[in-house]
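Participant: One structure, as structure tokens, below. Some questions next.
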Amino acid sequence: MTREIITARDIQKLNQADSELKFPANPVTQDGYFDRLFKYIPAELVAGYIFVLGVVKQLTNSGEIKIFQWSLFAIFCILTPLYLWRVQKVHKIQQHVISILSFVVWVFALGGPFSLSVWYNPVYGAILLPLFTLVVAIWEAE
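For the sequence shown, the residue numbers in the working numbering are 1162 to 1303.
Right, dumping it as structure tokens:
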């Protein structure tokens, strides 16, 4: 299974290309809700972030912690589309944007650098994460 979302439009394009070939390629099916959900959430990057965050939290200076946590968050936000593009071969811009949003929502739910802000309450993340997860896979990235 590829990581790129397969939509009805993608299948149309493939079928048009296959009709020009003597031997059509393997049939491809449109991604369903759960396929899109799996493909939108960059689980590898969330796991990597959680691991590195655990190391960063060992710092004792509160100023250092804040800088490192925000830097770590920014680095992983940049790594998300790069990883999807270079490693997973995802070329759809909408999917990259949705995956970055998914990463941000997961970090927000976990606390991350947001937990260092006075306005942050873990309840916000506990509400946002399931709502976002339920809604995001409805969208088909083109």
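Where is the CB? At the ideal position from N, CA and C, for every residue including glycine.
1. Buried or exposed: which applies to Pro1203, given that a residue is buried once 16 or more other Cβ atoms fall within 10 Å of its Cβ?
2. If Phe1237 and Tyr1210 are in contact, beta carbons under 8 Å, what's the gap, nearest whole angstrom?
3. Where do the N-terminal and C-terminal ends of the alpha helix (DSSP H) with Phe1264 fall, by residue?
4. Mapping the DSSP letters down to three states, classify Leu1278 as helix, strand or coil.
5. Between Asp1192 and Ile1226, how many whole angstroms is the CB-CB distance? I'm expecting something under 8 Å.
6. Within a Cβ cutoff of 8 Å, which residues of the same chain sit near Leu1289, ignoring the five residues on either side of it in sequence?
7. Tell me whether Pro1274 is buried or exposed, calling it buried when 16 or more other Cβ atoms sit within 10 Å of its Cβ.
8. Can you find the residues in the same chain that come closer than 6 Å, C-beta to C-beta, to Glu1301, ignoring five residues on each side of it along the sequence?
9. Report the rounded CA-to-CA distance for Ile1254 versus Gly1215, giving the unit in angstroms.
10. Hey, quick one: how far does the alpha helix (DSSP H) through Arg1197 stretch, first residue to last?
11. Inspect the beta-carbon positions of Val1217 and Phe1264 and report whether they are closer than 8 Å.
12. Taking only three categories from DSSP, how would you classify Val1347?
13. Over what stretch of residues does the alpha helix (DSSP H) that includes Pro1188 continue unbroken?
Facilitator: According to the structure data:
1. Taking the sequence shown and counting its residues from 1, the one referred to as residue 1203 is at position 42. When all chains shown are included, Pro1203 counts as buried.
2. On the sequence shown, residue 1237 is found 76 positions in, with the first residue counted as 1. On the sequence shown, residue 1210 is found 49 positions in, with the first residue counted as 1. Right, their Cβ atoms sit about 5 Å apart.
3. Position 103 of the sequence shown, counted from the first residue, corresponds to residue 1264. First-last of the alpha helix (DSSP H) with Phe1264: 1254 to 1271.
4. Mapped onto the sequence shown, residue 1278 falls at position 117. Sequence check: residue 1278 is Ser here, not Leu. Coil, per DSSP.
5. As a working note, residue 1192 is residue 31 in the sequence shown. As a working note, residue 1226 is residue 65 in the sequence shown. In fact, because the Cβ distance is near 40 Å, the residues do not count as touching under 8 Å.
6. The residue you call residue 1289 lines up with position 128 of the sequence shown. Excluding positions up to five away in sequence, the list reads Val1266, Phe1269, Ala1270.
7. Taking the first residue of the sequence shown as 1, we reach residue 1274 at position 113. Under this definition Pro1274 is a buried residue.
8. Start at 1 with the first residue of the sequence shown, and residue 1301 comes out as number 140. Around Glu1301: Thr1168.
9. Here residue 1254 refers to the residue found at position 93 of the sequence shown. Here residue 1215 refers to the residue found at position 54 of the sequence shown. Rounded to the nearest angstrom, the two C-alpha atoms are 31 Å apart.
10. The residue labelled residue 1197 in the question sits at position 36 within the sequence shown. Unbroken alpha helix (DSSP H) run through Arg1197: 1194 to 1201.
11. The sequence position of residue 1217 within the sequence shown is 56, counting from 1. The sequence position of residue 1264 within the sequence shown is 103, counting from 1. Val1217 is not a Cβ neighbour of Phe1264, given a cutoff of 8 Å.
12. Residue 1347 lies beyond the stretch modelled for the chain, which goes from 1162 to 1303, so this question has no answer here.
13. Counted from its first residue, the sequence shown places residue 1188 at position 27. For Pro1188, no alpha helix (DSSP H) segment is defined, and its DSSP state is neither H nor E.
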